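**Student:** First the structure, then my questions, so here it is.
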Amino acid sequence: MLLLHTSDWHLGRIFHGLHMTDEQKTVLAQLVKIAVDRKVDAVLIAGDIYDRAVPPTEAVNLLDNTLKELVMVHNIPVILIAGNHDNPDRLNFGQALFAENKLFIYGPVDPNSKPVILNDEYGPVYFAPLPYCEPSVAAELSGTTIKTHEEALQWQLKNMLAQIPETARKIALAHVFLTGSKESPDSERPLSIGGSSTVQAENFSPFNYTALGHLHYCQQNGEKIRYSGSLLKYSFNEVNQPKGLHLVNLDKDGKISVETLELEPKHQLAKLTGTFADLIDNPRKEVLNHYLQISLTDTTPIIDAKNRLEVVYPHILHLEYAQNILDATEDFKQGRHQELGIKELFVNFFSYLNNRPLSPTEEALLDQTIETAQDKERRS
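Anchor point for the sequence shown: position 237 equals 237 in UniProt numbering, and the numbering is continuous, going up by one each time.
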């Protein structure tokens with residue numbers, strides 16, 4: 001049986017003010033093509049389908065179209081679970097109806113959930129979908145004193161494994177933080193504030209393969225437990241991370257082999273550092289079509305820097321100074337700028353920007369401008 005493992009689509013994501021739907025649509029089309037061309041037997045989506053609990057309409061439509069293409073057009077079963085970004089009840093809409101068409105949605109945690117059973121030429125394969133579970137939810141549903149994510153996972157596993165023959169081939173889907181795994185904290189929402197949010201890999205030892213979601217780095221814990229990573233790069237700290245999916249081949253004896261395929265968005269991410277003049281005079285041609293974070297090393301502010309840079313680099317998402325210029329001044333460091341008047345603030349800023357004081361003519365013009373503005377304010 002050939003399985004496609006993906007997760008962390010985060011549909012509806014806004015990245016530095018940019019709606020990522022168009023980028024997501026591009027790579028999801030590639031995902032569907034891979035599923036069709038490679039004749040996969042099922043697609044596994046391990047949580048965080050949406051980026052937030054109430055996704056925008058465009059995100060809902062993109063998910064609808066993608067699932068319709070996989071399930072209705074190409075007859076490929078899909079098993080998906082809710083992640084910590086998803087609203088499980090909203091995701092669960094139509095669950096019973098969709099299951100008849102081999103779209104298996106596991107939104108809210110349910111102690112009565114049953115495994116999904118798919119068959120290949122060697123017999124049944126059991127899938128244990130384990131949606132993201134808060135310890136408090138597990139405690140309430142179980143009537144116990146569950147306090148950690150690991151205890152919540154163990155409770156879910158106990159319920160699910162009780163329904164699966166011990167010798168059967170079995171696959172788990174879970175949305176958890178595996179102990180010792182590499183995280184990307186500026187693009188992942190923590191599972192808990194305080195307390196224990198990690199789980200041990202040993203919990204998944206009964207399974208032939210475990211398809212994990214939550215962490216955005218594509219990584220593995222041994223051969224049988226893997227994170228697919230996020231669909232796209234959702235942080236400039238992920239610039240050097242390839243993004244893609246796993247193709248998992250499960251043989252008749254339950255042994256697995258994994259092939260990782262990369263997805264190609266319309267725009268990659270890149271980070272540039274340098275002076276304004278150098279970046280303008282020596283364009284970095286290899287990243288002109290990338291979404292950029294630019295860090296200027298100039299020691300004085302550049303007027304209208306972003307607009308001027310965008311003439312050369314049209315896809316700047318974030319512009320910063322390597323050193324915060326305003327904070328570099330002593331008045332701003334000490335917070336004394338709050339005590340200064342309008343004229344003093346302007347005089348200090350002008351001197352810092354131009355490395356010289358105002359001339360008598362300029363100071364007289366400043367006085368006149370301030371007086372005119374204040375007079376207009378008094379009359380309004």
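Note that CB positions come from ideal geometry on N, CA and C, so glycine has one too. Here the structure is a predicted model, which means the values were calculated and not measured.
#1: Put Val102 into one of helix, strand or coil per three-state DSSP.
#2: Strictly by DSSP, which residues pair up with Asp120?
#3: DSSP state of Glu320, grouped into three classes?
#4: Measure the alpha-carbon distance for Gly194 versus Val43 and round it to whole angstroms.
#5: Mind checking which residues open and close the beta strand (DSSP E) that includes Lys170?
#6: For the beta strand (DSSP E) containing Asn249, name the first residue and the last one.
#7: Along the chain, where does the beta strand (DSSP E) containing Asn221 start, and where does it finish?
#8: Nearest-angstrom Cα distance between Val54 and Lys25?
#9: Count the other C-beta atoms from every protein chain shown that fall within 10 angstroms of the C-beta of Ala328, then say buried if there are 16 or more, exposed otherwise.
#10: On the three-state DSSP scale, how would you describe Phe207?
#11: When you compare only the Cα positions, how much space is there between Ala277 and Leu18?
#12: Would you mind listing the alpha helix (DSSP H) stretches within the segment 6-60 that are 4+ residues and don't spill past its ends, in chain order?
#13: Within 10 Å of its beta-carbon, does Gln374 have 16 or more other beta-carbons around it, so buried, or fewer, so exposed?
#14: Can we say the segment 146-165 touches the segment 87-106, given the rule of at least three CB pairs closer than 8 Å?
#15: Where does the unbroken beta strand (DSSP E) through Leu269 begin, and where does it stop?
#16: What do you get for Glu202, buried or exposed, if any count of 16 or more other CB atoms within 10 angstroms of its CB means buried?
**Tutor:** This is what the structure gives:
#1: Looking up residue 102 in the sequence shown gives position 102. One detail in the question is off: residue 102 reads as Lys in this sequence, not Val. In this structure, Lys102 counts as coil in the three-state DSSP scheme.
#2: For the purposes of this step, residue 120 is taken as the residue at position 120 of the sequence shown. Looking at the DSSP assignment, Asp120 forms a beta bridge with Gly123.
#3: Residue numbering aside, residue 320 sits at position 320 when the sequence shown is read from its first letter. It is a strand residue.
#4: As a first step, residue 194 must be located in the sequence shown, where it is residue number 194. As a first step, residue 43 must be located in the sequence shown, where it is residue number 43. With a pLDDT of 42 at Gly194, under the threshold of 50, the modelled position of that residue is not reliable, and the figure given next carries that caveat. Near 34 Å, if we compare the C-alpha coordinates of Val43 and Gly194.
#5: Your numbering for residue 170 matches position 170 in the sequence shown. Arg169 to His175 is the extent of the beta strand (DSSP E) around Lys170.
#6: Along the sequence shown, one-based indexing puts residue 249 at 249. Its beta strand (DSSP E) spans residues Gly244 to Leu250.
#7: Here the question's residue 221 lines up with position 221 in the sequence shown. Its beta strand (DSSP E) spans residues Gln219 to Asn221.
#8: Within the sequence shown, the letter at position 54 stands for residue 54. Within the sequence shown, the letter at position 25 stands for residue 25. Straight-line Cα distance between these residues: approximately 19 Å.
#9: Position 328 of the sequence shown, counted from the start, is the residue given in the question as residue 328. At Ala328 the pLDDT is 49, less than 50, meaning the model places this residue with poor confidence; the figure from the coordinates comes in the next sentence. That one is exposed.
#10: Taking the sequence shown and counting its residues from 1, the one referred to as residue 207 is at position 207. If DSSP states are grouped into helix, strand and coil, Phe207 belongs with coil.
#11: Counted from its first residue, the sequence shown places residue 277 at position 277. Counted from its first residue, the sequence shown places residue 18 at position 18. Rounded to the nearest angstrom, the two C-alpha atoms are 27 Å apart.
#12: 21-37
#13: By one-based count along the sequence shown, residue 374 stands at place 374. By the 10 Å Cβ count, Gln374 comes out exposed.
#14: no
#15: Position 269 of the sequence shown, counted from the first residue, corresponds to residue 269. Its beta strand (DSSP E) spans residues Leu269 to Gly274.
#16: Within the sequence shown, residue 202 is the residue found at index 202, counting from 1. Under this definition Glu202 is an exposed residue.
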